[in-house]
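So the structure is just underneath, and the comments pick up after that.
2 protein chains.
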Amino acid sequence: MPKLDADPEMPLDPSSLDPADWDAFRRLAHSALDDAIDYVRDVRRRPVWQALPEDVKQRLNEPLPAVPQGIENTYRNFRELVLPYATGNIHPRFWGWVHGTGLTTGIISEMLAAAMNSNCGGRDHGALYVERKVVDWCRQIVGYPDSASGLMVSGTSMGTLIGLAVARNAATGGSVRAGGVAKTCNSFVTYASSEAHSSLARALELLGLGHNSLHRIVVDDSFAINPVALRQAIHEDRRAGRRPFCVVGCAGTVNTGAIDNLTMLTEICESEKLWFHVDAAFAGLCALRGSLAGLVQGIERSDSVSFDFHKWMYIQYDAGCVLVRDGRLHKNTFATRPDYLQHWERGLAGGGEWFTDFGPELSRGFRALKVWFALKTYGTEKFGEMIEKNIQQARYLAQLVKSNPMLELLAPPTLNIVCFRYRGFQLENEELDSLNRDIVAELQIRGIAAPSTTCIHGKLSIRVAITNHRSRREDFDLLVNSVIMLAKERCC
Amino acid sequence: MPKLDADPEMPLDPSSLDPADWDAFRRLAHSALDDAIDYVRDVRRRPVWQALPEDVKQRLNEPLPAVPQGIENTYRNFRELVLPYATGNIHPRFWGWVHGTGLTTGIISEMLAAAMNSNCGGRDHGALYVERKVVDWCRQIVGYPDSASGLMVSGTSMGTLIGLAVARNAATGGSVRAGGVAKTCNSFVTYASSEAHSSLARALELLGLGHNSLHRIVVDDSFAINPVALRQAIHEDRRAGRRPFCVVGCAGTVNTGAIDNLTMLTEICESEKLWFHVDAAFAGLCALRGSLAGLVQGIERSDSVSFDFHKWMYIQYDAGCVLVRDGRLHKNTFATRPDYLQHWERGLAGGGEWFTDFGPELSRGFRALKVWFALKTYGTEKFGEMIEKNIQQARYLAQLVKSNPMLELLAPPTLNIVCFRYRGFQLENEELDSLNRDIVAELQIRGIAAPSTTCIHGKLSIRVAITNHRSRREDFDLLVNSVIMLAKERCC
Numbered sequence: 038m039p040k041l042d043a044d045p046e047m048p049l050d051p052s053s054l055d056p057a058d059w060d061a062f063r064r065l066a067h068s069a070l071d072d073a074i075d076y077v078r079d080v081r082r083r084p085v086w087q088a089l090p091e092d093v094k095q096r097l098n099e100p101l102p103a104v105p106q107g108i109e110n111t112y113r114n115f116r117e118l119v120l121p122y123a124t125g126n127i128h129p130r131f132w133g134w135v136h137g138t139g140l141t142t143g144i145i146s147e148m149l150a151a152a153m154n155s156n157c158g159g160r161d162h163g164a165l166y167v168e169r170k171v172v173d174w175c176r177q178i179v180g181y182p183d184s185a186s187g188l189m190v191s192g193t194s195m196g197t198l199i200g201l202a203v204a205r206n207a208a209t210g211g212s213v214r215a216g217g218v219a220k221t222c223n224s225f226v227t228y229a230s231s232e233a234h235s236s237l238a239r240a241l242e243l244l245g246l247g248h249n250s251l252h253r254i255v256v257d258d259s260f261a262i263n264p265v266a267l268r269q270a271i272h273e274d275r276r277a278g279r280r281p282f283c284v285v286g287c288a289g290t291v292n293t294g295a296i297d298n299l300t301m302l303t304e305i306c307e308s309e310k311l312w313f314h315v316d317a318a319f320a321g322l323c324a325l326r327g328s329l330a331g332l333v334q335g336i337e338r339s340d341s342v343s344f345d346f347h348k349w350m351y352i353q354y355d356a357g358c359v360l361v362r363d364g365r366l367h368k369n370t371f372a373t374r375p376d377y378l379q380h381w382e383r384g385l386a387g388g389g390e391w392f393t394d395f396g397p398e399l400s401r402g403f404r405a406l407k408v409w410f411a412l413k414t415y416g417t418e419k420f421g422e423m424i425e426k427n428i429q430q431a432r433y434l435a436q437l438v439k440s441n442p443m444l445e446l447l448a449p450p451t452l453n454i455v456c457f458r459y460r461g462f463q464l465e466n467e468e469l470d471s472l473n474r475d476i477v478a479e480l481q482i483r484g485i486a487a488p489s490t491t492c493i494h495g496k497l498s499i500r501v502a503i504t505n506h507r508s509r510r511e512d513f514d515l516l517v518n519s520v521i522m523l524a525k526e527r528c529c
Numbered sequence: 038m039p040k041l042d043a044d045p046e047m048p049l050d051p052s053s054l055d056p057a058d059w060d061a062f063r064r065l066a067h068s069a070l071d072d073a074i075d076y077v078r079d080v081r082r083r084p085v086w087q088a089l090p091e092d093v094k095q096r097l098n099e100p101l102p103a104v105p106q107g108i109e110n111t112y113r114n115f116r117e118l119v120l121p122y123a124t125g126n127i128h129p130r131f132w133g134w135v136h137g138t139g140l141t142t143g144i145i146s147e148m149l150a151a152a153m154n155s156n157c158g159g160r161d162h163g164a165l166y167v168e169r170k171v172v173d174w175c176r177q178i179v180g181y182p183d184s185a186s187g188l189m190v191s192g193t194s195m196g197t198l199i200g201l202a203v204a205r206n207a208a209t210g211g212s213v214r215a216g217g218v219a220k221t222c223n224s225f226v227t228y229a230s231s232e233a234h235s236s237l238a239r240a241l242e243l244l245g246l247g248h249n250s251l252h253r254i255v256v257d258d259s260f261a262i263n264p265v266a267l268r269q270a271i272h273e274d275r276r277a278g279r280r281p282f283c284v285v286g287c288a289g290t291v292n293t294g295a296i297d298n299l300t301m302l303t304e305i306c307e308s309e310k311l312w313f314h315v316d317a318a319f320a321g322l323c324a325l326r327g328s329l330a331g332l333v334q335g336i337e338r339s340d341s342v343s344f345d346f347h348k349w350m351y352i353q354y355d356a357g358c359v360l361v362r363d364g365r366l367h368k369n370t371f372a373t374r375p376d377y378l379q380h381w382e383r384g385l386a387g388g389g390e391w392f393t394d395f396g397p398e399l400s401r402g403f404r405a406l407k408v409w410f411a412l413k414t415y416g417t418e419k420f421g422e423m424i425e426k427n428i429q430q431a432r433y434l435a436q437l438v439k440s441n442p443m444l445e446l447l448a449p450p451t452l453n454i455v456c457f458r459y460r461g462f463q464l465e466n467e468e469l470d471s472l473n474r475d476i477v478a479e480l481q482i483r484g485i486a487a488p489s490t491t492c493i494h495g496k497l498s499i500r501v502a503i504t505n506h507r508s509r510r511e512d513f514d515l516l517v518n519s520v521i522m523l524a525k526e527r528c529c
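Sequence lines, in order, name chains C and H.
Using my numbering, the first residue of the first sequence is number 38, and each one after it goes up by one.
Using my numbering, the first residue of the second sequence is number 38, and each one after it goes up by one.
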């Protein structure tokens with residue numbers, strides 16, 4: 038046996054990239070950690086957002102560093118040029134797009150994941166057991182059977198891409214992998230409501246099916262898909278010689294938070310023999326709360342589903358999950374094992390399933406750790422409470438809007454999204470669009486709050502999407518008062 | 038103006054997910070940070086890898102947590118059940134597959150990125166300026182013009198997918214996005230050497246072109262593509278009515294580290310009017326070292342290129358980059374702006390280009406920060422030195438192999454990969470395969486070293502891929518001695 042025992046005493050290689058002075062490195066790391074914790078703890082004292090000043094932009098625009106600047110100098114630059122200019126979503130009054138808040142557990146779990154530096158593509162090591170467990174917990178949350186498979190992904194855009202790739206592969210009996218779309222998927226049609234997210238069309242583009250193959254179905258007054266119109270479209274397409282193959286249900290539309298009737302969509306897909314994928318980006322997690330689970334009933338009967346942890350579970354970017362009811366179909370879509378990736382009985386190349394057989398990535402970071410930390414630290418019930426709180430806050434804000442004659446509610450808040458505008462007096466629609474756009478920009482620029490905007494029935498809407506565990510009712514009072522104030526500044 | 042000044046004094050919401058006791062949280066975080074730093078500093082004292090004991094697997098297999106376990110308990114579980122069982126690639130004697138080592142700067146930058154929780158899909162905030170700068174630095178490293186665009190990705194698998202998606206879109210004048218592959222890309226053919234990575238075929242599958250559309254070209258003795266055979270194949274395909282559209286060059290093959298003649302491939306692609314993508318997963322970074330840059334000459338004339346930071350720049354998983362010479366073609370492949378993602382002149386929805394217009398993801402984490410930290414801390418010259426060191430170590434190991442009659446070098450080490458085997462005496466090829474497979478498994482199981490295996494000319498090979506800044510020459514001596522020892526254990 039070689040002298041392994043003596044080996045640990047081998048001096049550290051001075052030519053490696055490890056710190057020459059570990060103590061100095063440790064001091065800096067602790068100081069940076071204190072800054073990071075203070076930064077989150079004191080977020081309410083700062084503006085929600087602030088633009089980068091021109092001189093900061095210029096200083097960030099530095100030449101490619103050839104010689105070492107050292108960690109201390111780099112950290113100083115970060116602290117001055119980057120840290121003050123975050124997206125803003127950790128702030129209690131950030132409600133733009135659908136951005137989650139982040140959790141303090143994420144600071145710890147991300148630094149630990151960095152120390153381990155695991156590659157979760159495959160092989161046999163702890164990180165894979167953690168990711169398998171997280172996927173298994175997700176399977177239970179959604180209500181899928183034991184035979185389901187899953188994968189942590191960067192978010193629902195990637196999850197939808199994977200879900201539809203499995204659907205496409207299943208519909209062609211696997212022949213699309215070799216033969217391509219031209220030989221196997223001609224005239225395939227996918228269905229979703231007119232409110233479905235743009236990532237769906239982008240997934241169809243990437244898969245080579247083209248976005249023209251997406252048939253958008255009208256919605257009802259609550260912005261949920263009209264199932265009668267869906268059935269009609271399927272039948273018409275069949276009569277015209279096209280090949281319906283997939284329906285995508287929305288559990289939480291981006292504009293208004295509408296949820297399609299998933300049970301009805303399941304039944305249509307079963308009777309029409311179509312794949313049923315659910316885009317559950319944020320609202321899928323309503324399953325965590327008994328009183329809300331009914332909203333997403335039927336999700337457990339879908340063929341695949343994708344959702345995000347970084348939205349309504351408040352976990353750090355990026356973190357999502359895709360689940361496939363039939364794990365074999367999932368694996369058949371991606372598995373490839375060349376000589377250099379063989380699986381063995383023993384050693385590092387052993388273990389259970391490799392995640393690289395379930396998605397397009399080979400190198401994969403340990404993003405499961407932050408979800409594992411959060412689920413254990415808080416438990417599902419606590420997340421359910423937070424989701425319920427955000428929904429109640431949306432109702433509270435909707436009431437504030439309805440009780441103010443200067444404001445107009447543009448869509449009923451089915452969930453956690455409120456769309457409204459300042460309606461003013463004697464202003465044309467175009468003037469109102471411009472005024473409300475200005476109001477939102479000023480809210481952001483002054484650092485008061487960060488809603489985003491969308492368009493509802495042709496009207497520019499202030500859009501407040503609440504996936505924020507730090508928001509309080511007082512924050513919504515402040516929002517409404519500020520909207521009125523900014524409108525008056527402009528109209529008087 | 039609403040009383041914003043009074044607002045910072047609003048008490049923290051006790052129902053939020055923030056710590057009830059910030060001081061306790063801070064103590065735990067500092068203690069975890071010390072553990073993380075010790076873990077990396079003392080890596081040489083531990084086995085390279087160890088399998089998870091059965092009881093650890095069972096304890097990780099816990100029910101979905103409903104009630105809070107708290108951060109202290111969660112961290113204790115992590116420390117006991119996860120931390121000791123890493124992939125092993127931070128160890129000085131891990132040389133399996135192509136796994137990078139990780140950098141201590143990554144521990145700091147990942148915890149800071151978690152505190153900011155930026156979403157790098159778009160909008161106007163500091164993280165985007167950092168990512169734009171990192172992409173710009175990469176553009177300079179590769180030698181692309183100012184008009185090039187780029188995106189940080191999870192790795193080269195995703196980078197290749199994006200590069201080929203741009204190629205496909207360009208070749209169809211953009212019509213593939215709406216019409217799909219069936220109407221626009223029939224009989225498209227992509228070319229790469231027989232040694233090209235499996236992620237290429239997977240990208241073609243996902244894009245709907247099918248892996249049959251990949252024509253693999255023979256290699257020469259150094260495992261680089263044979264350009265004459267490539268030209269012949271293109272001409273034959275054209276005569277047969279097929280439509281050549283893309284050539285993928287290898288800068289560092291996975292088996293042996295071979296580099297195609299990129300200048301020659303550029304010239305073929307220019308004269309044949311084909312897209313030229315380079316899979317530069319690890320060897321692209323040879324451009325960082327003056328004495329090595331000649332190996333990848335021609336890369337600057339390609340149409341798109343993808344490479345990883347988490348391989349030969351030792352940065353934490355996952356981190357790669359894709360660059361496209363013509364930024365407009367890149368953007369045209371992905372850009373979509375529905376109502377809820379409109380770009381503005383002012384406020385948070387302003388700023389320059391949004392990364393979501395250059396790839397399939399909308400939610401994107403701040404993975405650029407760890408690259409920015411590393412490039413500034415160490416500078417490109419230091420990374421160039423490390424790359425050179427690893428190449429010299431490969432030559433050193435090859436010499437050790439050649440000077441030992443019991444060992445057989447299976448491929449000339451062009452770069453940082455050495456493929457060899459124990460050749461023994463009077464053993465059949467099949468017995469040798471089994472013996473060498475056993476040797477590698479034992480090296481891993483005993484925690485001595487972690488090479489992987491591949492197949493070279495039908496022979497199972499011990500494969501040592503050196504992308505490790507912690508390795509020393511003594512580590513390779515130990516490897517060779519251990520291989521001989523383990524072989525003797527089995528043969529005597």
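Ideal placement from N, C-alpha and C gives every residue a C-beta, glycine not left out.
query: Any beta carbon of chain C sitting closer than 8 Å to that of H/Thr-451?; result: no
query: Quick one: residues in its chain with C-beta nearer than 8 Å to the C-beta of H/Thr-300, no 5 flanking neighbours on either side, listed in chain order?; result: Gln-334, Gly-335, Arg-338
query: Would DSSP call C/Tyr-377 helix, strand or coil?; result: helix
query: Ignore the nearest five residues each way along the sequence and tell me which others in H/Ile-108's own chain have a CB closer than 8 Å to its CB.; result: Pro-56, Phe-62, Leu-65
query: Less than 8 Å separating the beta-carbons of C/Leu-385 and H/Trp-59?; result: no
query: Could you tell me the boundaries of the alpha helix (DSSP H) in which C/Tyr-76 lies?; result: 59–78
query: Flag this pair as yes or no: are the beta carbons of C/His-347 and H/Ser-400 separated by less than 8 Å?; result: yes
query: In whole angstroms, what is the alpha-carbon distance linking C/Arg-276 and C/Val-213?; result: 24 Å
query: Taking H/His-347 as the query, report the chain C residues whose CB atoms sit under 7 Å from its CB, ordered along the chain.; result: Ser-400
query: May I ask you to report which of helix, strand or coil DSSP gives C/Tyr-181?; result: coil
query: Just to confirm the assignment: which complete beta strand (DSSP E) runs, minimum length 3, are found wholly within the stretch 413–466 of chain H?; result: 444–448, 454–459
query: Any beta carbon from chain C within less than 8 Å of H/Arg-383's own beta carbon?; result: yes
query: Report all residues from its chain with a CB closer than 6 Å to the CB of C/Ala-150; omit the five preceding and five following residues, and keep chain order.; result: Phe-403, Leu-406
query: Check distances from the C-beta atoms of the stretch 474–488 of chain C to those of chain H and list, in chain order, the residues that come in under 9 Å.; result: Arg-474, Asp-475, Val-477, Ala-478, Glu-479, Leu-480, Gln-481, Ile-482, Arg-483, Gly-484, Ile-485, Ala-487
query: Just tell me which of C/Ile-482, C/Leu-311, C/Glu-479, C/Leu-469 has its CA closest to the CA of C/Cys-492.; result: C/Leu-469
query: Anything in chain C within Cβ reach of H/Gln-430, meaning under 9 Å, just list it in chain order.; result: Residues of chain C passing the Cβ test: none, with the nearest at roughly 11 Å.
query: Do C/Arg-527 and C/Leu-472 come within 8 Å of each other at the CB atom, strictly closer than that value?; result: yes
query: Taking all protein chains shown into account, decide if C/Val-534 is buried (16 or more other Cβ within 10 angstroms of its Cβ) or exposed.; result: The requested residue 534 of chain C does not occur in the structure, where chain C is confined to residues 38 to 529.
query: What does DSSP give as the partner residues of H/His-534 in its beta bridges?; result: Because chain H is modelled from 38 through 529, residue 534 of chain H falls outside the range shown and cannot be assessed.
query: Kindly indicate if chain H contains any beta-carbon less than 8 Å away from that of C/Ile-127.; result: yes
query: Confirm, please, whether the CB-CB distance from H/Thr-290 to H/Glu-232 is below 8 Å.; result: yes
query: By alpha-carbon positions, which one of H/Ile-178, H/Pro-488, H/Ala-152 ends up nearest to H/Ala-320?; result: H/Ile-178
query: Nearest-angstrom Cα distance between C/Ala-261 and C/Thr-504?; result: 21 Å
query: Excluding the 5 residues preceding and the 5 following C/Leu-251 in the sequence, name in chain order all residues of the same chain whose CB lies nearer than 7 Å to its CB.; result: Thr-227, Ala-229, Leu-237, Ala-238, Leu-241
query: Which residues in chain H sit within 8 Å of C/Trp-59, going by Cβ to Cβ distance?; result: Ile-74, Arg-78
query: Which residues of chain H have a Cβ atom closer than 8 Å to the Cβ of C/His-248, listed in chain order?; result: Arg-214, Ala-215
query: At a CB-CB cut-off below 7 Å, which residues of chain H make contact with C/Ala-202?; result: Leu-243
query: Taking only beta-carbon positions, decide if H/Asp-92 is within less than 8 Å of chain C.; result: no
query: Check the DSSP bridge columns for H/Ala-487 and list the partner residues they point to.; result: H/Phe-131
query: Does the beta carbon of C/Ala-88 sit closer than 8 Å to a beta carbon anywhere in chain H?; result: yes
query: Identify every run of the alpha helix (DSSP H) within the stretch 284–371 of chain C, keeping only runs that are complete inside it and at least 4 residues long; order them along the chain.; result: 299–309, 327–330, 364–371
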